[in-house]
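*Asks:*
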Amino acid sequence: MNPEEFAHRVLVNVARHIKDGKDLEQKEIVARIMQEEFQPQDPRYAEWLERVEKRVNWLLSDPEGDYPLLARFLQQTGEDALEDKPWDELCPTGAIYQDESGKWLVYPELCIGCQLCVDHCIADAIIHHSEFATVALLIMERSEHPVYAIVAPSFVGQFGPAVTPEKFKTALRSLGFADVLEVALAADVITRQEAEEFVRRMHQGDPFMITSCCCPVFIKLVEKIRPKIAHLVSLTVSPMIALGQMLKQREPDCKVVFIGPCLAKKTEARNYQPNGPVDCVLTYKELKALLEAAEVSLEITAGEEMLEDASRDGRRYAHIRGVTTAICNAVRQIAPDLEIKPVYGDGIRECSRLLKELEEGVLEANFMEGMGCLHGCIGGPGTLLPPEQAFQEVEAHAAGACVRRAFDNQKASRWAAGRF
Ligand code: SF4
Ligand code: SF4
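So the sequence shown is numbered by my numbering: it starts at 6 and just counts up by one.
1) Which residue from Leu180, Val140, Leu343 and Ala154 puts its Cα closest to that of Phe203?
2) Quick one: what's got a C-beta closer than 7 angstroms to Ile144's C-beta in the same chain, skipping five residues either side?
3) With distances taken from CA atoms, which of Glu58, Phe213, Leu190 and Gly405 is nearest Ile246?
4) Comparing C-alpha positions only, which one of Glu41, Asn18 and Leu121 sits nearest to Ser387?
5) Compute every distance between the C-beta of Cys218 and the non-hydrogen atoms of ligand 2, then say whether any falls below 6 angstroms.
6) Tell me the start and end of each unbroken alpha helix (DSSP H) in the region 181–261 that is at least 4 residues and wholly inside, in chain order.
7) Contact check, Glu319 vs Gly381 under 8 angstroms by CB: the rounded distance?
8) Does the region 330–346 come within contact of the region 195–209, defined as at least 3 CB pairs closer than 8 angstroms?
9) State yes or no: is the C-beta of Val111 nearer than 6 angstroms to some heavy atom of ligand 1?
10) By the three-class DSSP mapping on this structure, what secondary structure does Thr169 have?
11) Return the first residue and the last residue of the alpha helix (DSSP H) that Ile339 is part of.
12) Just the Cα atoms here: how many angstroms apart are Ile353 and Glu398?
13) In the structure shown, what three-state DSSP assignment does Phe43 receive?
14) Is Cys435 near ligand 1, going by C-beta to nearest heavy atom under 6 angstroms?
15) Touch check for the region 256–265 and the region 284–296: three-plus C-beta pairs under 8 angstroms?
16) Count the other CB atoms within 10 Å of the CB of Gln81; is the residue buried (16 or more) or exposed (fewer)?
17) Can you give the Cα-Cα distance for Ala403 and Ala51, rounded to whole angstroms?
18) In angstroms, rounded to a whole number, what distance separates the CA positions of Thr216 and Leu363?
19) Say the cut is 6 angstroms; is the CB of Gly366 nearer than that to a heavy atom of ligand 4?
20) Would you call the CB atoms of Ile117 and Lys225 closer than 7 angstroms?
21) Compare the beta carbon distance of Thr169 and Glu310 with 7 angstroms and say whether it is the shorter of the two.
22) For Ala422, does the three-state DSSP call read helix, strand or coil?
23) Gln81 by DSSP, collapsed to three states: which one?
24) Pull up the CB-CB distance for Glu62 and Gln31, whole angstroms please, since I reckon it's below 8 angstroms.
25) Leaving aside the five residues before and after Cys119 along the sequence, list all residues of the same chain whose C-beta is less than 6 angstroms from its C-beta, in chain order.
26) Using C-beta distances below 6 angstroms, list every residue in its chain close to Gly70, excluding the 5 sequence neighbours before and after it, in chain order.
27) According to the Cβ coordinates, are Gln278 and Thr241 closer than 7 angstroms?
28) Taking C-beta to C-beta, are Ile155 and Leu292 nearer than 7 angstroms?
29) Do Val35 and Glu58 have their beta-carbon atoms positioned less than 7 angstroms apart in this structure?
30) Let me see if you follow: with CB-CB separation under 7 angstroms, is Asp351 close to chain B or not?
31) With the cut-off set at 7 angstroms, would you say Ala395 and Val194 are in Cβ contact?
32) Under a Cβ-count criterion, where at least 16 other Cβ atoms within 10 Å of its own Cβ denotes burial, should Gln46 be classed as buried or exposed?
33) Just to confirm my understanding: we take Leu115, look at its own chain, exclude 5 residues before and 5 after, and list those with CB closer than 7 angstroms. What are they?
34) Apart from the five residues on each side of it in sequence, which residues of its chain come closer than 7 angstroms, Cβ to Cβ, to Gly423?
35) Buried or exposed: Ala401, going by 16 or more other Cβ atoms within 10 Å of its Cβ?
36) State the Cα-Cα distance for the pair Pro73 and Tyr349, rounded to the nearest angstrom.
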């Protein structure tokens with residue numbers, strides 16, 4: 006079983022256990038997983054048992070403690086756990102180090118949550134925190150509070166070509182979510198706010214604005230590695246947080262689950278806890294396990310509920326340059342004479358280079374978008390589809406939007422004004 010399959014099977018079994026109404030007793034869950042997935046005569050049985058125990062413990066443990074670290078080493082590991090570079094070379098900020106005893110550790114103050122270490126570990130030795138069990142429990146207790154799914158713009162096509170956005174929405178409603186909303190709706194709200202902020206900043210003589218729209222990894226990179234230019238970051242919250250805030254304003258007792266490609270969003274949501282705008286974050290991979298455990302099929306779901314929350318530009322936030330395009334269009338609408346000269350960083354290394362140039366005063370631009378993952382969120386670690394294919398899917402969904410630009414989205418206008 007490869008690490009990806011292993012992680013999936015553990016999640017499916019934990020969700021089944023919760024669905025069956027059993028107590029979250031770790032020993033019982035581990036025994037169930039071992040019985041379902043492994044043969045006692047397997048020569049690696051004891052090794053699998055240890056790995057299952059560690060993973061279940063991490064899945065069900067309270068994330069207090071070593072947060073904001075997203076990832077932690079589950080076991081003593083060597084360089085052979087990696088696909089290519091050694092751990093300390095792999096980390097773009099130098100957050101990974103080896104102590105005197107040879108143990109690999111992470112400096113929290115340098116870690117930006119990019120997850121490159123998790124992605125490149127082929128030994129399943131490093132793991133990210135999951136709120137999977139909490140989401141399964143929230144859904145089980147939905148009679149006490151409505152649970153909303155808010156889906157990142159990159160969701161389109163992630164579950165196969167037959168799973169249209171409408172089928173996807175219907176399936177999530179069958180799973181128990183009270184409703185499903187596109188985070189791109191809030192992207193439209195934030196595009197407008199950032200465009201207005203950009204115009205204001207330029208008129209008051211600021212030389213530059215960095216978008217804070219999407220990517221918590223990019224923002225952490227600015228704050229932790231280039232703090233001297235952190236004041237150039239826009240004051241807006243991310244679309245995920247904005248949509249959670251609007252939903253909680255509308256229904257203070259509701260629960261909000263963000264579903265997306267991103268592991269770093271888990272920390273972003275956590276920074277607003279307790280009782281923040283977003284209660285939990287799930288990746289597409291985790292959602293897939295939840296659907297499998299609940300036996301909800303995405304492909305044969307009867308009925309199709311329309312998903313019509315966002316503009317074309319809002320839906321394009323899913324890929325690199327999407328934020329730039331949306332904000333440039335919005336700035337041109339409200340200040341046609343103002344010149345916006347954008348640059349964008351595709352992936353953490355490109356972002357680092359551009360930020361260095363910005364700090365040194367040699368960057369020919371006045372606006373910057375940065376995405377921690379190559380290709381933007383369609384290249385995120387929790388995705389299921391190759392980014393090139395995901396790009397086509399996102400573009401097709403964007404082309405089908407009722408309106409083209411953020412300022413044309415009436416629903417975004419109403420929600421931003423608190424009229425739901
Ligand atoms: S998440 Fe990124 S910054 Fe943090 S330790 Fe891993 S590679 Fe380094
Ligand atoms: S670019 Fe990557 S790290 Fe940044 S928000 Fe998207 S998925 Fe998350």
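In this text, a Cβ means the ideal position worked out from N, Cα and C, and glycines have one as well.
Since this is a predicted model, take the numbers as computed values, not measurements.
*Replies:* Result, derived from the coordinates:
1) Residue mapping note: residue 203 aligns to position 198 of the sequence shown, counting from 1. Per the Cα distances, Leu343.
2) For the purposes of this step, residue 144 is taken as the residue at position 139 of the sequence shown. Around Ile144: Val152, Leu180 and Gly181.
3) To locate residue 246, count along the sequence shown from 1; it is residue 241. Among Glu58, Phe213, Leu190 and Gly405, the Cα nearest to that of Ile246 belongs to Leu190.
4) Your numbering for residue 387 matches position 382 in the sequence shown. As written in the sequence, residue 387 is Gly, which differs from the Ser given in the question. Answer by Cα proximity: Leu121.
5) Numbered from 1 along the sequence shown, position 213 holds the residue referred to as residue 218. Not so, every heavy atom of ligand 2 lies at least 6 angstroms from the Cβ.
6) 188–208, 221–230 and 244–255
7) Position 314 of the sequence shown, counted from the first residue, corresponds to residue 319. Position 376 of the sequence shown, counted from the first residue, corresponds to residue 381. One detail in the question is off: residue 319 reads as Gly in this sequence, not Glu. Actually they are not in contact, since the Cβ atoms of Gly319 and Gly381 sit about 14 angstroms apart, beyond 8 angstroms.
8) yes
9) The residue given as residue 111 occupies position 106 in the sequence shown. True, at least one ligand heavy atom lies under 6 angstroms from that Cβ.
10) Counted from its first residue, the sequence shown places residue 169 at position 164. Here Thr169 sits in coil by DSSP.
11) Counting from 1 along the sequence shown, the entry for residue 339 is found at position 334. Here the alpha helix (DSSP H) through Ile339 covers Gly327 to Ile339.
12) Along the sequence shown, one-based indexing puts residue 353 at 348. Along the sequence shown, one-based indexing puts residue 398 at 393. Ile353 and Glu398: Cα-Cα distance of roughly 24 angstroms.
13) Counting from 1 along the sequence shown, the entry for residue 43 is found at position 38. Residue state, collapsed to three classes: coil.
14) Outside the shown range of the chain (6 to 425) lies residue 435, about which nothing can therefore be said.
15) yes
16) Counting from 1 along the sequence shown, the entry for residue 81 is found at position 76. Note that Gln81 scores 49 on pLDDT, short of 50, meaning its location in the model is unreliable and no value can be drawn from it.
17) Stepping through the sequence shown from its first residue, residue 403 is reached at position 398. Stepping through the sequence shown from its first residue, residue 51 is reached at position 46. Rounded to whole angstroms, Ala403 to Ala51 spans 49 angstroms at the Cα level.
18) Your numbering for residue 216 matches position 211 in the sequence shown. Your numbering for residue 363 matches position 358 in the sequence shown. Using only the alpha carbons, I get a separation of about 14 angstroms.
19) The ligand content of the structure shown is limited to ligand 1 and ligand 2, which means ligand 4 is not among them.
20) The residue labelled residue 117 in the question sits at position 112 within the sequence shown. The residue labelled residue 225 in the question sits at position 220 within the sequence shown. Taking 7 angstroms as the Cβ cut-off, Ile117 and Lys225 qualify as a contacting pair.
21) In the sequence shown, the residue the question calls residue 169 occupies position 164. In the sequence shown, the residue the question calls residue 310 occupies position 305. No, these two residues do not count as a Cβ contact at 7 angstroms.
22) The count along the sequence shown starts at 1 and reaches residue 422 at position 417. Note: Ala422 maps to coil in three-state DSSP.
23) Working through the sequence shown from its first residue, we reach residue 81 at position 76. Interpretation of Gln81 is limited by its pLDDT of 49, a score under 50 that renders its predicted location unreliable; no figure is taken from the coordinates.
24) What you label residue 62 is simply residue 57 of the sequence shown in a count that begins at 1. What you label residue 31 is simply residue 26 of the sequence shown in a count that begins at 1. The amino acid occupying residue 62 in the given sequence is Asn; Glu does not appear at that position. Yes, they are in contact, since the Cβ atoms of Asn62 and Gln31 sit about 6 angstroms apart, within 8 angstroms.
25) In the sequence shown, residue 119 corresponds to position 114, counting from 1. So the list reads Val222, Ile353 and Gly377, once near-sequence residues are dropped.
26) Taking the sequence shown and counting its residues from 1, the one referred to as residue 70 is at position 65. With a pLDDT of only 48 at Gly70, under the threshold of 50, the placement of this residue in the model should not be trusted; the figure read from the coordinates follows. Closer than 6 angstroms at the Cβ level, and outside the excluded window around Gly70, lies no residue.
27) Reading the sequence shown from its first residue, position 273 is the one you call residue 278. Reading the sequence shown from its first residue, position 236 is the one you call residue 241. No; because the gap between Cβ atoms is not below 7 angstroms, this pair is not in contact.
28) Residue 155 sits at position 150 when you count from the first residue of the sequence shown. Residue 292 sits at position 287 when you count from the first residue of the sequence shown. The answer is no: Cβ separation not under 7 angstroms.
29) The sequence position of residue 58 within the sequence shown is 53, counting from 1. The sequence position of residue 35 within the sequence shown is 30, counting from 1. Closer than 7 angstroms, so yes.
30) This model lacks chain B altogether, as it is built from one protein chain only.
31) Within the sequence shown, the letter at position 390 stands for residue 395. Within the sequence shown, the letter at position 189 stands for residue 194. Result no, Cβ atoms of Ala395 and Val194 do not sit closer than 7 angstroms.
32) Indexing the sequence shown from 1 puts residue 46 at position 41. Burial call: exposed.
33) One-based indexing of the sequence shown puts residue 115 at position 110. The residues are Thr98, Gly99, Ala100 and Lys229.
34) Locating residue 423 in the sequence shown gives position 418, counting from the first residue. Contacts found: Gln254.
35) Your numbering for residue 401 matches position 396 in the sequence shown. So Ala401 ends up on the exposed side.
36) Position 68 of the sequence shown, counted from the first residue, corresponds to residue 73. Position 344 of the sequence shown, counted from the first residue, corresponds to residue 349. Reliability of the predicted coordinates at Pro73 is poor, the pLDDT of 38 falling under 50, and no value is obtained from them.
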